[in-house]
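Here's the structure, in C-alpha cells; my notes come after.
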Amino acid sequence: MRIMGLDVGDKTIGIAVSDALGWTAQGVETIRRTNIKADLRRLEELVKEKEVHKMIVGLPKNMNGTLGPQGEKVLEFVERLKKRFNTLEIILWDERLTTVAAERTLISADVRREKRKQVIDMVAATYILQGYLDGHNTK
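Residue numbers (the numbering used here): 89 to 227.
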C-alpha cells in the first residue's frame, strides 16, 4: 500500500505517491482543476490504480503559523476528501515553503519557465509527501 501526497491549489492539484515501502516520494501528475466532481473522480482513479491507503494533504500556513484564505480553502477541500474517501486516513501536513523549494529545484535543473508552470505543483506534492515520510520513518 502506498501513501499519496497532494498540493491543492485553486487551478491545479499536484500529486505524488510513495514507493511500496514508504521511503520515497515520486511525482505522479498535476490535475488541472475543472470542478470538484472531476477532481475527486480523478483522485479516486489514482487511489485505486496506485493502491493508496493514506493521503497527506499540504496545508498552506502563513509564516507565523496562522491560516490564510488558501489554508481555509484546503480545509474545505479536505472535508470533501474525507466524505469521498472515508476509508483512507487523511493527514494535514504543514507545507510552508514547499513551492519555493520546488521552484528552486526546477530552476537549478534548468527547467524552462513554461515547463516549470506545468510541473511545479507535482514537485511541491513530492516535497510535502517526502517531508511526511522522512518525519514518519524516523520515529
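From the three backbone atoms N, C-alpha and C, an ideal C-beta is built for every residue, glycine too.
CB of residue i within 8 angstroms of CB of residue j, strictly
{"i": "L94", "j": "G146", "result": "yes"}
{"i": "V126", "j": "A213", "result": "The question names Val, but residue 126 in the sequence shown is Ala. For A126 and A213, no; Cβs fall outside 8 angstroms."}
{"i": "R168", "j": "L134", "result": "no"}
{"i": "I101", "j": "R121", "result": "yes"}
{"i": "L163", "j": "H141", "result": "no"}
Residue burial classification, residue i (beta-carbon count within 10 angstroms, cutoff 16)
{"i": "R119", "result": "Correcting the residue identity first, residue 119 is Ile in this sequence and not Arg. It is buried - the Cβ of I119 has at least 16 other Cβ atoms within 10 Å."}
{"i": "M92", "result": "buried"}
{"i": "I124", "result": "exposed"}
{"i": "D209", "result": "buried"}
{"i": "P157", "result": "exposed"}
{"i": "L217", "result": "buried"}
{"i": "L109", "result": "exposed"}
{"i": "G223", "result": "exposed"}
{"i": "T226", "result": "Low confidence applies here, because T226 scores a pLDDT of 49, under 50, leaving its location unreliable and the question unanswered by this model."}
Residue range of the alpha helix (DSSP H) that includes residue i
{"i": "G156", "result": "Where G156 is concerned, there is no enclosing alpha helix (DSSP H), given that its DSSP letter is neither H nor E."}
{"i": "A104", "result": "Careful: A104 lies outside any alpha helix (DSSP H), inside the beta strand (DSSP E) at T100 to S106."}
{"i": "E72", "result": "Since the first and last residues shown for the chain are 89 and 227, residue 72 lies out of range."}
Start and end residues, beta strand (DSSP E) containing residue i
{"i": "E117", "result": "A113 to R120"}
{"i": "E177", "result": "E177 to D182"}
{"i": "M92", "result": "R90 to V96"}
Among the options, nearest to residue i - alpha-carbon criterion
{"i": "E139", "options": "R192, H224, L155 and D107", "result": "D107"}
{"i": "T154", "options": "D182, V96, Q114 and Q218", "result": "D182"}
{"i": "R172", "options": "L217, R200 and K136", "result": "K136"}
{"i": "E117", "options": "G219, L221 and V211", "result": "V211"}
{"i": "A99", "options": "K149, W111, K161 and K142", "result": "The question names Ala, but residue 99 in the sequence shown is Lys. The option with the nearest alpha carbon to K99 is K161."}
{"i": "I179", "options": "M89, R130 and L221", "result": "L221"}
{"i": "A113", "options": "R90, G97 and R130", "result": "R90"}
{"i": "E132", "options": "G219, K170 and E202", "result": "K170"}
Residue i beta carbon near the ligand FMN (any heavy atom closer than 7 angstroms)
{"i": "L180", "result": "No copy of the ligand FMN occurs in the structure displayed, which carries no ligand at all."}
Chain B within 8 angstroms of residue i, Cβ atoms only
{"i": "D107", "result": "Here there is only one protein chain, and chain B is not present."}
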